[in-house]
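Numbering (this note's numbering), first residue to last: 1172 to 1471.
Using N, Cα and C, we set each Cβ at its ideal position, and we do this for glycine too.
A short worksheet on the structure shown next.
In structure tokens:
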């Protein structure tokens, strides 16, 4: 008997949904329906300073208007910091955690200074400067002073983690329209943050813990998260978590060819609805032929 899949749509309630969110949500719903599976809704609200209840309410209102249904209850990451802390503790016991006092700003400034002198700084797949270790950008006395007075970021020692496993993890990817095994490259991310000074977890850590606890069997999400799967697979192997299949779908772009984003105030679903758009209009806008789901290709 084939096990029915469990999928999730997991927005951050730090702004209103745009067409890119609608596309991803509709893909998740379509696959859940076709496979007679379940769709769950998760609020990725670990950033408690930017995430708000009114945005969560607006997200649920937009999704319901689009015709989505999900199984209750909604999981809110801000209610599960203990689960992420336990995963972090396990990694620390494996001696795979590096503590850091350097701020993101200091790392960016060090990278900019190096570039100005003709020394390119290594960067992660998203373009961010890799963490070089506190010793590379701070004086020893400054590190000792901060260690005793300031909160520390907890970073995964990626090289040690990979050595612990012995080989790079793989994942099953269907985003190309057919199934293929992808060999991950977690070293491209350097020592990623697993818990920030101001937040007791990170996206990378909380997403893999949540997927495991919710029994997610298939992850359908945007192509912008394709490279991050390398870190997610590494954490899954280290923590002994089940491995979902992955489908990284195309992104919805604006007229200038840029990814839609809350940070650049892309037109929201709510605004389109207020202008008179219907759910069928939204489907057409994101590329579903005749308001249907003919461009959905999953499996393999």
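- For secondary structure counted as the beta strand (DSSP E) over 3 or more consecutive residues, the segment 1345-1422 holds these complete runs in sequence order: 1351-1354, 1364-1366, 1389-1393, 1416-1420.
- Selection 1191, 1216, 1189, 1177 evaluated against residue 1205 yields 1177 as nearest (Cα-Cα).
- DSSP places residue 1180 in the uninterrupted beta strand (DSSP E) bounded by 1177-1180.
- Annotation: the continuous beta strand (DSSP E) that includes residue 1209 extends over 1209-1214.
- Contact between the segment 1187-1200 and the segment 1237-1251 is present: three or more C-beta pairs spanning the two stretches fall below 8 Å.
- DSSP places residue 1424 within a strand segment (E or B) once states are collapsed to three.
- Per DSSP, residue 1448 lies in no beta strand (DSSP E) and is assigned neither H nor E.
- Taking C-alpha positions only, residue 1287 is separated from residue 1325 by approximately 29 Å.
- In this structure, 1397 is the residue among 1277, 1397, 1187, 1452 with its C-alpha nearest to the C-alpha of residue 1354.
- Look at the beta carbons and you see the segment 1381-1400 touching the segment 1341-1358: at least three pairs across the two are nearer than 8 Å.
- If the five residues before and after residue 1356 are omitted, its C-beta is found closer than 6 Å to the C-beta atoms of 1401, all from its own chain and listed in chain order.
- When beta bridges are read from the DSSP output, residue 1342 appears opposite 1353.
- The C-beta distance from residue 1394 to residue 1421 rounds to 6 Å, short enough to fall under 8 Å.
- Counting only runs of 3 or more residues that sit fully inside the segment 1270-1319, no beta strand (DSSP E) segment turns up.
- Across the structure, residue 1275 and residue 1175 are spaced so that their CA atoms are roughly 42 Å apart.
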